[in-house]
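Participant: Sharing a structure below in structure tokens format, with a few things to ask.
Protein chains: 2
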Amino acid sequence: MPRQRSLRQLEELLLHNDYRFTPQRRAIIEVFFDDGSGHLSAEDIYHQVRDKLPDVGLATVYRTLDILENLNVLHKLNFGDGRFRYEINQEGLHHHHHLVCLQCGQVSEVKTDLLNDLEEKIAREHGFNIVDHSLKFYGHCAACNKK
Amino acid sequence: MPRQRSLRQLEELLLHNDYRFTPQRRAIIEVFFDDGSGHLSAEDIYHQVRDKLPDVGLATVYRTLDILENLNVLHKLNFGDGRFRYEINQEGLHHHHHLVCLQCGQVSEVKTDLLNDLEEKIAREHGFNIVDHSLKFYGHCAACNKK
DNA sequence: GTCTGTGCAAAGGGTTTGCATTGTC
DNA sequence: GACAATGCAAACCCTTTGCACAGAC
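One line per chain: the protein sequences are G and U, in this order.
Each residue of the first sequence is one higher than the one before, starting from 785 at the first, in the numbering used here.
Each residue of the second sequence is one higher than the one before, starting from 785 at the first, in the numbering used here.
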């Protein structure tokens with residue numbers, strides 16, 4: 785099982801779903817491959833895409849992000865800072881959590897997932913069928929602690 | 785230790801912090817006492833306050849919510865539906881989690897907190913000083929499952 | 001050639017801010 | 001009576017939408 789889909793695979797995914805594989809969409813996907821930091825806002829992506837394709841419109845970015853989210857290529861994140869952020873869905877990276885630094889705003893990831901027990905308990909006690917979860921820790925990151 | 789502060793105590797809290805205890809602020813706080821459901825949006829509060837004080841402005845609601853959040857009277861929540869929601873902070877209700885139904889939008893609460901171990905581990909491994917956390921489960925609630 | 005995708009600009013929705021007026025301390 | 005708080009409306013920010021044009025199949 786591949787850890788991350790290739791550009792080629794994503795092209796096929798789009799075409800199989802009756803979407804066209806345009807230069808704009810290609811460039812937007814490439815931004816996610818190029819940028820390792822993850823957690824990109826629409827504006828971040830817009831600026832990076834415009835380095836390659838200077839005429840791209842912000843609306844195109846939003847429309848593409850929407851498609852990619854629906855195809856489960858991207859995950860839409862909300863850290864409460866007034867804008868949505870997107871990260872690429874990678875197999876094996878399911879259910880990681882986020883550390884949001886309240887000082888510098890940096891978001892890092894925790895791989896651990898100890899929520900399975902809790903999920904079972906909730907499903908049992910509340911009759912709630914869990915599809916997804918979101919766990920965020922807010923605090924002060926190592927770098928800010930040193931200041 | 786009281787489970788919930790009284791109106792009187794909140795009045796003193798405001799005055800001690802050089803804020804005035806106006807009828808508007810009183811009415812806004814009362815909304816939280818009257819409404820048991822919790823998770824109120826600014827608009828929800830605005831409408832309920834206007835039943836008592838018809839001339840209140842939405843801006844006043846936002847400004848008051850902001851003050852009460854800073855005084856740790858309220859907790860600002862984000863369920864990703866495009867608006868912030870507020871719940872009153874009660875002692876003993878620290879760190880409860882939310883179940884967000886993807887069908888009907890209803891938000892209910894889970895009292896369990898099994899995150900202490902995980903928090904310690906994260907603080908140790910990442911040097912991240914945790915101040916708060918947010919855990920949300922998305923899925924289908926018992927009522928929607930029956931439909 | 002058809003019809004999806006694009007860019008632009010305008011609209012939308014929640015939240016914030018400026019300012020003259022009101023009213024609390 | 002000073003100055004914080006209010007109400008109104010405009011401004012803001014991110015996101016969505018309408019529309020005519022461009023371009024992929």
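Where a beta carbon is used, it is the ideal one built from N, C-alpha and C, also for glycine.
Small disclaimer: the values here were computed from a predicted structure and weren't measured.
List in chain order: all unbroken alpha helix (DSSP H) runs of 4+ residues lying wholly within the segment 839 to 926 of chain U.
Facilitator: Listed in chain order, they are 842 to 854 and 900 to 910.
Participant: Let me check you understand the geometry: is the CB of G:L855 closer than 7 Å to at least one non-hydrogen atom of the ligand HEM?
Facilitator: Among the components modelled here there is no ligand, and therefore nothing to report on the ligand HEM.
Participant: Quick one: Cα of U:I813 to Cα of U:L791, how far?
Facilitator: So the alpha carbons of these two residues sit roughly 8 Å apart.
Participant: Please list the partners that U:H924 has in chain G, where partner means a Cβ-to-Cβ separation under 8 Å.
Facilitator: By Cβ distance, chain G contributes F912, N913 and V915.
Participant: Taking the alpha-carbon positions, what's the G:D818 to G:I872 distance?
Facilitator: Cα to Cα, the separation comes out at about 11 Å.
Participant: Below 8 Å, how does it come out for the segment 916 to 924 of chain G and the segment 883 to 892 of chain G: are there three or more Cβ pairs, yes or no?
Facilitator: Contact holds: three or more Cβ-Cβ distances are below 8 Å.
Participant: Thinking just about the alpha-carbon of each residue, which of G:F912, G:Y830 and G:N929 is nearest to the one in G:D839?
Facilitator: Among G:F912, G:Y830 and G:N929, the Cα nearest to that of G:D839 belongs to G:Y830.
Participant: Which residues in chain G sit within 9 Å of U:L849, going by Cβ to Cβ distance?
Facilitator: By Cβ distance, chain G contributes nothing, its closest Cβ being about 15 Å from U:L849, past 9 Å.
Participant: With a CB to CB cut of under 6 Å and the five nearest residues on each side skipped, what residues in its chain are close to G:K895?
Facilitator: Contacts found: H880.
Participant: Using a C-beta to C-beta distance shorter than 9 Å, which residues of chain G count as neighbours of U:N873?
Facilitator: Chain G residues near U:N873: none, gap ~15 Å exceeds 9 Å.
Participant: Specify whether the segment 838 to 856 of chain G and the segment 804 to 811 of chain G touch according to this definition: at least 3 beta carbon pairs, one from each stretch, less than 8 Å apart.
Facilitator: Yes, since at least three Cβ pairs between the segment 838 to 856 of chain G and the segment 804 to 811 of chain G fall closer than 8 Å, the two stretches touch.
Participant: At the 8 Å Cβ level, is G:N929 part of the contact set with chain U, yes or no?
Facilitator: Yes - at least one Cβ of chain U is within 8 Å of the one on G:N929.
Participant: Under 7 Å Cβ to Cβ from G:L855, same chain only, skipping five residues before and after it: list those, please.
Facilitator: Excluding sequence neighbours, G:L855 sits near L797 and N801.
Participant: Check this for me: beta carbons of U:Y870 and U:K860, under 8 Å apart or not?
Facilitator: Going by C-beta atoms, U:Y870 is nearer than 8 Å to U:K860.
Participant: Using only the alpha-carbon positions, how far apart do U:Q832 and U:E795 sit?
Facilitator: In a straight line, the C-alpha of U:Q832 is about 20 Å away from that of U:E795.
Participant: Among U:S825, U:V857 and U:K836, whose alpha-carbon lies nearest the alpha-carbon of U:R789?
Facilitator: Ranking U:S825, U:V857 and U:K836 by Cα distance to U:R789 puts U:V857 first.
Participant: Who does U:L824 pair with in a DSSP beta bridge?
Facilitator: In the DSSP output, where bridge partners are listed per residue, U:L824 has U:Y870.
Participant: Straight-line CA distance for G:D901 to U:S892?
Facilitator: G:D901 and U:S892: Cα-Cα distance of roughly 19 Å.
Participant: Give me the Cα-Cα distance between U:Y803 and U:G911, rounded to the nearest whole angstrom.
Facilitator: When rounded, the distance between both Cα atoms is 37 Å.
Participant: To the nearest angstrom, how far is it from the Cα of G:E904 to the Cα of U:Q793?
Facilitator: Going by the C-alpha atoms only, they are around 40 Å apart.
Participant: Can you look up G:E795 in the DSSP assignment and give me helix, strand or coil?
Facilitator: Looking at G:E795 - three-state DSSP - the assignment turns out to be helix.
Participant: Return helix, strand or coil for U:Y803, following the three-state DSSP convention.
Facilitator: Three-state result, U:Y803: coil.
Participant: Is the Cβ-Cβ distance between U:L898 and U:H917 less than 8 Å?
Facilitator: Not a contact, by the Cβ cut-off of 8 Å.
Participant: What separation, rounded to the nearest whole angstrom, lies between the Cα atoms of G:A907 and U:L852?
Facilitator: When rounded, the distance between both Cα atoms is 34 Å.
Participant: Nearest to G:H823 by CA position, among G:K836, G:C928, G:G864 and G:R834, is which residue?
Facilitator: When only C-alpha atoms are compared, the closest one is G:G864.
Participant: Is it buried or exposed, U:V915, if we count other Cβ atoms within 10 angstroms and call 16 or more buried?
Facilitator: Classification of U:V915: exposed, given that the 10 Å Cβ count is below 16.
Participant: Assuming U:S825 and U:R867 make a contact with CB atoms under 8 Å, what is their CB distance in whole Å?
Facilitator: Their Cβ separation, rounded to whole angstroms, is 5 Å, which keeps U:S825 and U:R867 in contact under 8 Å.
Participant: Does chain G have any CB closer than 8 Å to the CB of U:I906?
Facilitator: Interface residue, yes.
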